[in-house]
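All remarks here apply to the structure that follows.
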Amino acid sequence: MIEIHPEARISPLADIEDSVRGTRILIGAGSAVDSFVKFKPAGGSGDVLIGERTVINSGCVLYTGNGIRIGSDVAIAANCTFAPVNHAYQDKSRRINQQGFLPGKGGIVIEDDVWIGANCVILDGAILRQGCVIGAGAIVRGEIAAYTVHAGNPLRQIGMRQ
């Protein structure tokens, strides 16, 4: 089920796929979804809930997996991936694409007033507390405290060689 508030702005070039498993995708008032954003029900039946006045910029991909909860007034830069799901891979007698998925780690929770920089990857079990900032190119898989900056790879952030 897809529910888009009448005051939300969705680009006609965004791709919001409806679920065959009952996953809900809800987009709140004043939120904006830019061109080439993809919502993909895959890897579970978790819901994607987006609060008010949240902006998701071009090229982002949101898999439903174990669910994504994004608060209000969140700014998400271009080309971010939200993957609240993990493939099973331990059985060497079967191909990975035939093993299904591992148990969930709680999905992804992003509280209000968060800024996520370009090209970030947010993984299952990530919790981004209110007011935190995620630097461009970061990978997040755990909890980020409120009003802190997560720089991802600090060497890349200051332009040093790796």
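For the sequence shown, our numbering gives the first residue as 7, with consecutive numbering after it.
Yeah, the Cβ is synthetic: ideal placement off N, Cα and C, and Gly gets one too.
If you draw a straight line from the alpha carbon of Thr174 to that of Val155, how long is it in whole angstroms?
Shown here, the chain extends from 7 to 168; a query on residue 174 therefore has no answer.
Would you mind stating whether Ile33 and Ala14 have Cβ atoms separated by less than 8 Å?
yes
In angstroms, rounded to a whole number, what distance separates the CA positions of Phe45 and Arg75?
13 Å
Cβ-based neighbour list, Ala132, same chain, cut-off 7 Å, excluding 5 preceding and 5 following:
Ile114, Val146, Arg147, Gly148
With C-beta atoms as the reference, is Ile116 less than 8 Å away from Val80?
yes
Three CB pairs or more closer than 8 Å across the stretch 55-65 and the stretch 97-108
Taking 8 Å as the limit for Cβ pairs, the verdict is that the stretch 97-108 does not touch the stretch 55-65.
Spatial neighbours of Asn85 in its chain, beta-carbon cut-off 7 Å, leaving aside the 5 residues before and after
Gly65, Cys66, Ala124, Asn125
Of the residues Ala144, Ser17, Ala151, which one's Cα is nearest the Cα of Ala157?
Per the C-alpha coordinates, the member of Ala144, Ser17, Ala151 positioned closest to Ala157 is Ala144.
Do the CB positions of Ile62 and Ile31 come within less than 8 Å of each other?
no
If I'm right that Ile42 touches Leu19 with Cβ under 8 Å, what's the distance once you round it to whole angstroms?
Here the sequence assigns Phe to residue 42, which means Ile is not the residue at that position. Going by Cβ atoms, the distance from Phe42 to Leu19 rounds to 6 Å, so yes, they are a contact pair.
Can you tell me the Cα-Cα spacing of Tyr95 and Pro12, whole angstroms?
42 Å
How would you write the range of the beta strand (DSSP E) that Ile114 sits in, first residue to last?
114-116
Residue closest to Ser51, alpha-carbon to alpha-carbon, out of His93, Thr29, Glu23, Ser37:
Thr29
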